[in-house]
Amino acid sequence: MALRSVIFLILVSLPASLASANDKLSAYQVLQQYDFPAGILPKGVSGYELNRGTGEFSTFLQETCNFKIESYELSYKSTIHGVISPGRITNLKGIGSANFPTDNFYESPKCGCGFDCNRFNAFAAASI
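Per mature numbering (1 follows the signal peptide of the UniProt record, and there is no 0), the sequence shown runs over residues -21 to -1, 1 to 107.
#1: Taking the C-alpha atoms as reference points, what is the distance between Pro88 and Tyr7?
#2: Which residue wins for smallest C-alpha separation from Ile74, given the options Pro65, Gly32, Ser54 and Leu10?
#3: Going by CA-CA distance only, name the one from Gly61, Glu28, Lys22 and Gly23 that's closest to Lys3.
#4: Using 7 Å as the cut-off, classify the Cβ of Tyr55 as near or not near the heavy atoms of the ligand ATP, replying yes or no.
#5: Hey, Pro16 and Phe84: beta-carbon distance below 8 Å or not?
#6: Express the C-alpha separation of Val9 and Cys90 in angstroms, rounding to a whole number.
#7: If you count every other CB in all the chains shown that lies within 10 Å of the CB of Thr58, and 16 or more means buried, which is it?
#8: Under a Cβ-count criterion, where at least 16 other Cβ atoms within 10 Å of its own Cβ denotes burial, should Asn97 be classed as buried or exposed?
#9: Within a Cβ cutoff of 8 Å, which residues of the same chain sit near Val24, ignoring the five residues on either side of it in sequence?
#10: Note down the Cα distance separating Lys22 from Gln11, rounded to an integer number of angstroms.
#11: Where in the stretch 14 to 72 do unbroken runs of the beta strand (DSSP E), each at least 3 residues long, occur, reported from the N-terminal end onward?
#12: Hey, quick one: how far does the alpha helix (DSSP H) through Leu10 stretch, first residue to last?
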């Protein structure tokens, strides 16, 4: 009887321990666990939800985010949904121009200016 109680307690506490393990990682760290560069998400992710069993996820930004990288115009809604597995994201919603190479995204771009914020800030200062 005592063994059943111990097994029951372990099974009941397992989902809570998995959820708390997810809470300790940032969305950027989770991406890296799935073989993606952290930079495919812009700076400023405020949170995420992940079902590790199904791979379904939601990522939250404080607001919509737009920027240009090379010839790609990227647009992120404040909530991004999809299904993630190692090296693959499917059913992606909330990102415009989602078919872009991930090779250059080892750093997270900044909303509004992407990777070229110094030039963007210099232009803004010069126009004042």
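The beta carbon of each residue, even a glycine, is placed where N, CA and C say it ideally should be.
In this text the structure is predicted, and so the values were computed from the model without any measurement.
Taking the coordinates as given:
#1: Position 109 of the sequence shown holds residue 88. Position 28 of the sequence shown holds residue 7. So the alpha carbons of these two residues sit roughly 12 Å apart.
#2: For the purposes of this step, residue 74 is identified with residue 95 of the sequence shown, where counting begins at 1. Of the candidates Pro65, Gly32, Ser54 and Leu10, the one whose C-alpha sits nearest the C-alpha of Ile74 is Ser54.
#3: To locate residue 3, count along the sequence shown from 1; it is residue 24. Considering only alpha carbons, the answer is Glu28.
#4: Absence of the ligand ATP from the depicted structure is noted, as is the absence of any ligand whatsoever, leaving it without description.
#5: The count along the sequence shown starts at 1 and reaches residue 16 at position 37. The count along the sequence shown starts at 1 and reaches residue 84 at position 105. Yes, the pair counts as a contact, with Cβ atoms nearer than the cut-off.
#6: Residue 90 sits at position 111 when you count from the first residue of the sequence shown. Residue 9 sits at position 30 when you count from the first residue of the sequence shown. Taking the straight line joining both Cα atoms gives about 21 Å.
#7: The residue given as residue 58 occupies position 79 in the sequence shown. When all chains shown are included, Thr58 counts as exposed.
#8: Here the question's residue 97 lines up with position 118 in the sequence shown. Exposed, because fewer than 16 other Cβ atoms sit within 10 Å of the Cβ of Asn97.
#9: Translated into the one-based positions of the sequence shown, residue 24 becomes position 45. Ser5, Ala6, Tyr7, Thr38, Phe39 and Leu40, listed in sequence order.
#10: Reading the sequence shown from its first residue, position 43 is the one you call residue 22. Reading the sequence shown from its first residue, position 32 is the one you call residue 11. The alpha-carbon atoms of Lys22 and Gln11 are separated by roughly 15 Å.
#11: 24 to 29, 35 to 40, 44 to 48 and 51 to 64
#12: Numbered from 1 along the sequence shown, position 31 holds the residue referred to as residue 10. Unbroken alpha helix (DSSP H) run through Leu10: Ala6 to Gln12.
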